[in-house]
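If you're matching positions, the sequence shown starts at 20 in my numbering and goes up one per residue.
By construction, the Cβ of each residue, glycine as well, lies at the ideal position given by its N, Cα and C atoms.
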Amino acid sequence: MHVVRREPAAFGIPGTRCSLEAIQQVCAWLRTTTRGSLAHLLRRLRVRYKWAREHLHSPDPDYLAKLASIATWVATGRRSAGPVVTLYLDELTYYRQPTLARAWCAQGREQPLAERSHRSNTATRVLAALNVADGHVHFVQRSHITISTLVQFYQRLRDAYPHARTIHVVLDNWPVHFHPDGLVALAAQQSPWPRYLPSNWPTEPSPAARRRWGRLQLPVQLWPLPTYASWTNPIEKLWRKLKHDRLHLHRLADDLDALRQLVLDYLAQFAQGSDALLRYVGLQSRD
20 MHVVRREPAA FGIPGTRCSL EAIQQVCAWL RTTTRGSLAH LLRRLRVRYK WAREHLHSPD
80 PDYLAKLASI ATWVATGRRS AGPVVTLYLD ELTYYRQPTL ARAWCAQGRE QPLAERSHRS
140 NTATRVLAAL NVADGHVHFV QRSHITISTL VQFYQRLRDA YPHARTIHVV LDNWPVHFHP
200 DGLVALAAQQ SPWPRYLPSN WPTEPSPAAR RRWGRLQLPV QLWPLPTYAS WTNPIEKLWR
260 KLKHDRLHLH RLADDLDALR QLVLDYLAQF AQGSDALLRY VGLQSRD
């Protein structure tokens, strides 16, 4: 998928869409000898030749290099017995009102109903990190995710892994992740990739942030994912599972506290790790 989602020109092949010949050339490790055998293999892998839809995409020139770097830390986090920990981090926003989805009902004009509240559609934010080695999910829930929330969360990760020499955190390019006020709480960063910050943001931490967090020097290294590439973050599949199992067509629109507790209880099942979750998000073989 990392090949077919990109322009063939990225691999030195002319054209705007990947052909079977281009896939065969770039993915020589598939070991197919004819277009027919490749097409058969792609069907078996559930890769289809489909009609496109309009989409706005900002390609990252460091796409492959970032993924290669992250793969190194993921492999290290799996092998390490404690000195090195690797986690995927992300935020989810969900709302008071239930989301629409399919459900069983009688044939005809009847439809499943999403029972809405007359109250405002209040948003809630979840911040979570998934350990690539054991499926342990660390999480907090807030009305807003701020720089202070992130620093406190990194402190919780440090406390959860007191013997870790380095905690590698793989995350997307949301500018708040890389605000100087938050970075001042962390050890010197090793990532060579540029940080995408608004032009009117400061480039140095504020005096208040230095006083509050400057001495922490948390052993956390931030590794940015390719820009506009959410499919490269496995924790996105945890959000999909949460929505499928608890948020679609929920009946708690008039009880926001109960809805928030429902989400916390759901995530708590992974608080001691889960091989099943690792398989679900694609971080562990199903064999």
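Three-state secondary structure (DSSP) at tyrosine 215? Position 196 of the sequence shown holds residue 215. Coil.
Write down every uninterrupted run of the alpha helix (DSSP H) in the stretch 242-278 whose length is 4 residues or greater and which is fully enclosed by it, in chain order. 254-261
Going by beta carbon distance, what residues of the same chain come within less than 6 Å of tyrosine 82, once the five residues before and after it are set aside? Mapped onto the sequence shown, residue 82 falls at position 63. Hits under 6 Å: Pro245.
Touching or not, the stretch 105-117 and the stretch 144-163, by the rule of three or more beta carbon pairs under 8 Å? yes
Looking at the secondary structure, which residues open and close the beta strand (DSSP E) in which leucine 146 lies? For the purposes of this step, residue 146 is identified with residue 127 of the sequence shown, where counting begins at 1. Segment 142-150, the beta strand (DSSP E) holding leucine 146.
Given alanine 183, which residues of its chain have a CB within under 8 Å of its CB, disregarding the five upstream and five downstream residues? Taking the sequence shown and counting its residues from 1, one reaches residue 183 at position 164. Counting only Cβ-Cβ distances below 8 Å, and skipping sequence neighbours, we find Gly101, Pro102, Val103, Val104, Arg177 and Pro238.
Opening and closing residue of the alpha helix (DSSP H) in which isoleucine 42 lies: Mapped onto the sequence shown, residue 42 falls at position 23. From DSSP, the alpha helix (DSSP H) with isoleucine 42 extends over 39-45.
Threonine 168 (DSSP reduced to helix, strand or coil): Position 149 of the sequence shown, counted from the start, is the residue given in the question as residue 168. Threonine 168: helix per DSSP, three-state reduction.
Does DSSP classify arginine 24 as helix, strand or coil? On the sequence shown, residue 24 is found 5 positions in, with the first residue counted as 1. It is coil, neither helix nor strand.
Of the residues Trp220, Arg138, Leu297 and Leu216, which one's Cα is nearest the Cα of proline 117? For the purposes of this step, residue 117 is taken as residue 98 along the sequence shown, with counting starting at 1. For the residues Trp220, Arg138, Leu297 and Leu216, the minimum Cα distance to proline 117 belongs to Arg138.
Out of curiosity, what's the CA-to-CA distance linking proline 33 and glutamate 26? The count along the sequence shown starts at 1 and reaches residue 33 at position 14. The count along the sequence shown starts at 1 and reaches residue 26 at position 7. Each residue's alpha carbon lies about 9 Å from the other.
Per-residue burial, leucine 132 [other beta carbons within 10 Å of its own, 16 or more giving buried]: For the purposes of this step, residue 132 is identified with residue 113 of the sequence shown, where counting begins at 1. When all chains shown are included, leucine 132 counts as exposed.
C-alpha distance - tyrosine 285 paired with histidine 157, whole-angstrom precision: Within the sequence shown, the letter at position 266 stands for residue 285. Within the sequence shown, the letter at position 138 stands for residue 157. Roughly 12 Å separates the two Cα atoms.
When the distance is taken between beta carbons, is proline 194 closer than 8 Å to proline 224? Sequence index remark: in the sequence shown, residue 224 carries index 205 (1-based). Sequence index remark: in the sequence shown, residue 194 carries index 175 (1-based). Not closer than 8 Å, so no.
Any idea what DSSP makes of valine 188, helix, strand or coil? Position 169 of the sequence shown, counted from the start, is the residue given in the question as residue 188. Note: valine 188 maps to strand in three-state DSSP.
Bounding residues of the beta strand (DSSP E) (the contiguous stretch that carries leucine 106): Here residue 106 is taken as the residue at index 87 of the sequence shown, counted from 1. Its beta strand (DSSP E) spans residues 103-114.
Neighbourhood of cysteine 124 by C-beta distance below 8 Å, restricted to the same chain and skipping five residues each side: Within the sequence shown, numbered from 1, the residue matching residue 124 stands at position 105. Cβ neighbours of cysteine 124 beyond the five flanking positions: Gln130 and Pro131.
Given a threshold of 16 other Cβ atoms within 10 Å of its Cβ, counted over all protein chains shown, does valine 300 qualify as buried or as exposed? Taking the first residue of the sequence shown as position 1, residue 300 is located at position 281. By the 10 Å Cβ count, valine 300 comes out buried.
Proximity of threonine 143 and arginine 265 at Cβ, strictly below 8 Å: On the sequence shown, residue 143 is found 124 positions in, with the first residue counted as 1. On the sequence shown, residue 265 is found 246 positions in, with the first residue counted as 1. Going by C-beta atoms, threonine 143 is not nearer than 8 Å to arginine 265.
Proline 243 and tryptophan 212 closer than 8 Å at C-beta: Residue numbering aside, residue 243 sits at position 224 when the sequence shown is read from its first letter. Residue numbering aside, residue 212 sits at position 193 when the sequence shown is read from its first letter. Yes; because the gap between Cβ atoms is below 8 Å, this pair is in contact.
Taking the C-alpha atoms as reference points, what is the distance between glutamine 44 and histidine 59? As a working note, residue 44 is residue 25 in the sequence shown. As a working note, residue 59 is residue 40 in the sequence shown. If you take the alpha carbons of glutamine 44 and histidine 59, they lie about 16 Å apart.
Please list, in chain order, all residues of the same chain as valine 22 whose beta carbon is under 7 Å from its beta carbon, the five residues on each side excluded. For this step, residue 22 is matched to residue 3 along the sequence shown. Hits under 7 Å: Cys37, Ile42, Val45 and Cys46.
In this structure, what does DSSP give as the bridge partners for leucine 283? For this step, residue 283 is matched to residue 264 along the sequence shown. Note: leucine 283 sits in no beta bridge, so no partner.
Just to confirm my understanding: we take alanine 120, look at its own chain, exclude 5 residues before and 5 after, and list those with CB closer than 7 Å. What are they? Position 101 of the sequence shown holds residue 120. Result list for alanine 120: His267 and Leu268, in chain order.
Can you tell which of Lys85, Arg128, Asp273 and Pro217 has the C-alpha that lies nearest to the C-alpha of leucine 190? As a first step, residue 190 must be located in the sequence shown, where it is residue number 171. When only C-alpha atoms are compared, the closest one is Lys85.
So, under 8 Å CB-CB, leucine 296 and leucine 257 are touching, yes? Tell me the CB distance rounded to an integer number of Å. Taking the first residue of the sequence shown as position 1, residue 296 is located at position 277. Taking the first residue of the sequence shown as position 1, residue 257 is located at position 238. Right, their Cβ atoms sit about 7 Å apart.
Paired residues, beta bridge with phenylalanine 158 - DSSP: Sequence index remark: in the sequence shown, residue 158 carries index 139 (1-based). Note: phenylalanine 158 sits in a beta bridge opposite Ala147.
Identify the residues that DSSP records as bridge partners of glutamine 291: which are they? What you label residue 291 is simply residue 272 of the sequence shown in a count that begins at 1. For glutamine 291, which the question treats as bridged, DSSP gives no partner whatsoever.
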